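According to my numbering, the sequence shown is numbered sequentially starting from 202.
We put the beta carbon where it would ideally sit given N, CA and C, even for glycine.
Since we're looking at a predicted model, the values are computed, not measured.
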Amino acid sequence: MKKEKVIIIGSGPAGLTAAIYTARAGLEPLVFSGSQLGGQISITSDVENYPGFPEGTTGPELVTFMQQQAERFGARIEYDEVTGVDFRNGSPFTLESYSGVYQADAVIIATGASHRMLDVPGEKELVGKGVSYCATCDGFFFRDKDVVVVGGGDSALEEAIFLTRFANSIRIIHRRDELRAGEHLKNKAMANEKISFIWDSVVTEINGEAKVEAVQLKNVKTGEMSSLTIDGVFVFIGHTPNSQMFKGQLELDEKGYLVTDRKMQTSVEGVFAAGEIQDSLFRQIASSVGQGTSAALSAERWLEDQK
Ligand code: NAP
202 MKKEKVIIIG SGPAGLTAAI YTARAGLEPL VFSGSQLGGQ ISITSDVENY PGFPEGTTGP
262 ELVTFMQQQA ERFGARIEYD EVTGVDFRNG SPFTLESYSG VYQADAVIIA TGASHRMLDV
322 PGEKELVGKG VSYCATCDGF FFRDKDVVVV GGGDSALEEA IFLTRFANSI RIIHRRDELR
382 AGEHLKNKAM ANEKISFIWD SVVTEINGEA KVEAVQLKNV KTGEMSSLTI DGVFVFIGHT
442 PNSQMFKGQL ELDEKGYLVT DRKMQTSVEG VFAAGEIQDS LFRQIASSVG QGTSAALSAE
502 RWLEDQK
């Protein structure tokens with residue numbers, strides 16, 4: 202069994218920031234990357250609101266910078282996923298990954314959240330055949346095509362704007378007549394002539410054999426059903442926290458987010474959490490970075506107190 206001072210589960214902005222801080226404190230953190238180094242931002246095209254980049258940056262660039270910075274101070278990144286944890290007997294905690302079993306004096310959880318699915322007929326079958334959850338990854342395949350984007354939040358609008366680089370037309374399907382997205386993105390999307398809106402509507406079915414051909418829509422106000430011929434469906438309807446593994450061991454709220462105190466400590470002493478796994482409210486790169494900092498400082502102080 203490998204023994205570590207600090208294990209960080211997750212390599213998004215919260216995890217990598219916690220790695221920078223714990224590494225600088227000499228704790229030689231081991232970071233489990235999860236299935237994708239960088240997490241959600243690794244598939245985010247433009248990042249315009251992260252301080253320090255007056256002209257904006259991209260998600261992948263930010264991930265690379267954060268990774269390099271963490272490694273410069275001695276953090277080690279394990280390209281592996283934690284598959285199980287045992288926090289029941291306190292520190293040292295036991296963690297299992299595909300590559301082995303580990304013990305850690307302190308743990309920082311930064312497993313983030315995953316995109317939600319529409320859960321309608323045809324969706325699962327057509328993933329990768331026109332149904333996508335990542336415009337940055339798949340937008341290129343929709344050059345001169347007509348696509349729909351589902352959702353009314355910042356992600357839906359940001360990704361719709363990104364898709365205008367490729368697609369011929371983008372129709373945003375939103376279940377209400379008012380967007381959840383912030384003013385800046387709202388104005389930018391409204392001003393783009395490739396983007397139009399279908400209000401008060403939900404997708405009830407996605408049709409196609411080898412690829413997406415159409416979506417069935419329902420107007421939630423009138424109940425009217427309609428069919429739209431389309432080449433692609435991009436779904437951005439929010440996220441659910443990646444907390445399955447912690448059920449029964451750590452306190453979760455009613456939506457499945459980890460409950461933390463002001464020190465970012467979970468319901469188990471020595472286990473801290475940062476980023477979207479414990480934050481259903483802000484979910485920004487900058488707020489995750491702040492939470493990662495706090496979790497790392499708390500872990501460092503907690504370990505010091507144990508001596
Ligand atoms: P979100 O803010 O939770 O928005 C989800 C959208 O999907 C909402 O408009 C919601 O409708 C809709 N929706 C949810 N379930 C649905 C369903 N089953 N069928 C149809 N529509 C459904 O999620 P997000 O846009 O991914 O943003 C997540 C967080 O990241 C937010 O805090 C956001 O501000 C942040 N973010 C920020 C930026 C940026 O600042 N540039 C970019 C991306 C994300 P209702 O509105 O009716 O609830």
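Looking only at its chain, what residues have a beta carbon closer than 7 Å to the beta carbon of residue i, apart from the 5 residues adjacent to it on each side?
i    : result
V264 : L238, G239, I242, S243
E360 : A336, V350, F435, F437
G534 : This structure gives no information on residue 534, because the portion of the chain shown stretches from 202 to 508.
T245 : G260, T337
P214 : I242, M267, G476, I486, S489, V490, G493
V421 : R376, D401, S402, V403
G301 : K203
S468 : L451, E452, V460
S315 : H440, T441, N443
D462 : none
Between residue i and the rest of its own chain, which residues show a CB-CB distance below 6 Å, the 5 nearest in sequence each way excluded?
i    : result
T526 : The requested residue 526 is not part of the displayed model; the chain covers only 202 to 508.
E249 : G257
L380 : G353, K387
R372 : V349, S397, I399
A226 : E501
L358 : A382, L386, A390
K419 : V403, T405, M426
D378 : W400, D401
D339 : S333
V283 : I210, F233, L296, S298
R484 : E477
S495 : M465
I278 : V232, S234
F473 : I309, M465, Q466, A496, S499, A500
When burial is assigned at 16 or more other CB atoms within 10 Å of the CB, is residue i buried or exposed?
i    : result
M391 : exposed
Y299 : exposed
H385 : exposed
Y458 : buried
L482 : exposed
V460 : exposed
A271 : buried
G285 : exposed
M267 : buried
P255 : exposed
D454 : exposed
S428 : exposed
S236 : exposed
Q445 : exposed
E505 : exposed
T218 : buried
Q466 : buried
G253 : exposed
Please state if the CB of residue j and the CB of residue i are separated by a distance shorter than 9 Å.
i    : j    : result
A475 : I309 : yes
G433 : K325 : no
Q507 : R289 : no
N393 : I362 : yes
A497 : Y251 : no
T365 : K395 : yes
G291 : G424 : no
Suppose the cutoff is 8 Å on Cβ atoms and the five residues either side in sequence are ignored; what does the same chain contact list for residue i look like?
i    : result
E406 : V321, P322, G323, V416, Q417
K330 : G409, A411, K412, V413
F341 : F367
Y303 : M202, K203, K204, E205, I208, L231, T295, L296, E297
P293 : K204, Q304, A305, D306
D480 : Y458, S488, S489, Q492
D281 : F233, S234, S298, Y299, S300
For a cutoff of 9 Å on Cβ pairs, would you count residue i as touching chain C?
i    : result
A314 : In the structure shown, chain C does not exist; there is a single protein chain.
**Study point:** Cβ pair count under 8 Å reaching 3, the region 432-442 against the region 344-359
**Key:** yes
**Study point:** the region 493-505 touching the region 216-230, judged by at least three CB pairs closer than 8 Å
**Key:** yes
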